[in-house]
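Numbering (mature numbering (1 follows the signal peptide of the UniProt record, and there is no 0)), first residue to last: -25 to -1, 1 to 154.
Cβ coordinates follow ideal geometry from the N, Cα and C atoms, glycine included.
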């Protein structure tokens, strides 16, 4: 039997579903992603290294929150702590004693300088980070200052610093950013 030019209902439903899915993807891909260079120093104290998973969370006053789970997997290179000279381009185990590591991460774009940073250690090691800095490759004016830890990181909790502007009230600090 010849088809009288009518399209079957399942085909139309599939076509509509495809169009809706494509539109949904296009609408949600308009959020720009930016690249960040994260520099992490592990202190020189004996036993300060870790092989556990480290997560990173940072952002700005405009509620642009970037969470990087398993920062270890984003390792780019090890650098000389005294000079910004690259020691190697070969992937090595990050977070070793007295080493500075660089990581490259992608996330939501910040629109003001990065003012908070938290680390989370998952595992049983006693990691002791020295400092962490996040550089926005979009512009140096959006990069963070150095966040100094220099103590053993508590396990399984976010630990870090919030230097975002705020005002002191009788009830505590009132932050300008949304949590």
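message: I'd like the list of long-range same chain contacts for residue 73, defined as Cβ closer than 6 angstroms, with 5 residues on each side in sequence excluded.
response: Taking the first residue of the chain shown as 1, we reach residue 73 at position 98. 19, listed in sequence order.
query: Whose CA, out of 38, 71, 32, 113, lies closest to the CA of residue 44?
result: As a working mapping, residue 44 is identified with position 69 in the chain shown. Comparing alpha-carbon positions, the option among 38, 71, 32, 113 lying closest to residue 44 turns out to be 32.
Three-way DSSP call (helix, strand, coil) for residue 149 in this model: Position 174 of the chain shown, counting from 1, holds the residue named residue 149. Strand.
Cut-off 6 angstroms between Cβ atoms - residues of its own chain near residue 106, not counting five sequence neighbours on either side: The residue labelled residue 106 in the question sits at position 131 within the chain shown. Same-chain partners within the cutoff: 16, 121, 123.
- request: Indicate the three-state DSSP secondary structure (helix, strand or coil) for residue 138 in the structure shown.
  value: Stepping through the chain shown from its first residue, residue 138 is reached at position 163. Under the three-state reduction of DSSP output, residue 138 falls in the coil class, being neither helix nor strand.
task: Please confirm whether residue 70 and residue 144 have their CB atoms less than 8 angstroms apart.
output: On the chain shown, position 95 is the one that residue 70 refers to. On the chain shown, position 169 is the one that residue 144 refers to. Contact flag unset, no.
- prompt: Taking the alpha carbon of residue 98 as the point to measure from, which residue in 7, 127, 67 has its own alpha carbon closest?
  reply: Taking the first residue of the chain shown as 1, we reach residue 98 at position 123. Nearest of 7, 127, 67 to residue 98, Cα basis: 127.
message: Rounding to the nearest angstrom, what Cα-Cα distance links residue 40 and residue 22 in this structure?
response: On the chain shown, position 65 is the one that residue 40 refers to. On the chain shown, position 47 is the one that residue 22 refers to. Spanning the two alpha carbons is a distance of roughly 31 angstroms.
query: Under a three-way DSSP split, which group does residue 116 fall into?
result: Stepping through the chain shown from its first residue, residue 116 is reached at position 141. Of the three classes helix, strand and coil, the one that applies to residue 116 here is helix, per DSSP.
query: For residue 48, does the three-state DSSP call read helix, strand or coil?
result: Stepping through the chain shown from its first residue, residue 48 is reached at position 73. For residue 48, the three-state secondary structure derived from DSSP is helix.
message: Please identify the residue among 140, 132, 83, 89 whose C-alpha is closest to the C-alpha of residue 7.
response: Here residue 7 refers to the residue found at position 32 of the chain shown. That would be 83, whose Cα lies nearest to the Cα of residue 7.
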